[in-house]
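Q:
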Amino acid sequence: MSYFQRHIFFCLNQRDNGENCCAQHGAQAAFDHCKASVKAAGLAGVGGVRVNKAGCLDRCAGGPVAVVYPDAVWYSFVDNSDIDEIVDSHLKNGQVVERLVLPDSVGR
Ligand code: FES
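Residue 59 in full-length UniProt numbering sits at position 59 of the sequence shown, and the numbers go up by one each step.
See below:
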């Protein structure tokens, strides 16, 4: 059994040179919302879900992005309702939110 059941990593990368980055697309707010939602749902902690900050995940064209492990499912999201769906469906119940999955063709 792994220490955490699932990890979700949010790219919070900020670029100051004008290039596209997840920080320009509400990544911090989404991270904060996810962290609070996971905690409120009682999912946080050992044996549960860990919400982590990450630097660039190298899939910037789909930003903002997050990835769930060990499932290796990548998401692109727009607003808090998308995050709520990821928390309720995937992080809580293991059901991938297909409509938010980032296509494999999306890279940097
Ligand atoms: S800046 Fe977010 S994946 Fe690269």
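Ideal placement from N, C-alpha and C gives every residue a C-beta, glycine not left out.
(1) Would residue 13 and residue 29 qualify as a contact pair, given that the criterion is a beta-carbon distance under 9 Å?
(2) Which of the three DSSP states, helix, strand or coil, is assigned to residue 99?
(3) Counting along the chain, where does the alpha helix (DSSP H) carrying residue 80 start and finish?
(4) Identify which residue in 4, 19, 108, 2 has its Cα closest to the Cα of residue 57.
(5) Kindly list the residues whose CB is nearer than 6 Å to the CB of residue 73, restricted to its own chain and excluding five residues on each side of it in sequence; keep chain order.
A: For this structure:
(1) no
(2) helix
(3) 80-85
(4) With distances taken between Cα atoms, residue 57 lies closest to 108.
(5) 96
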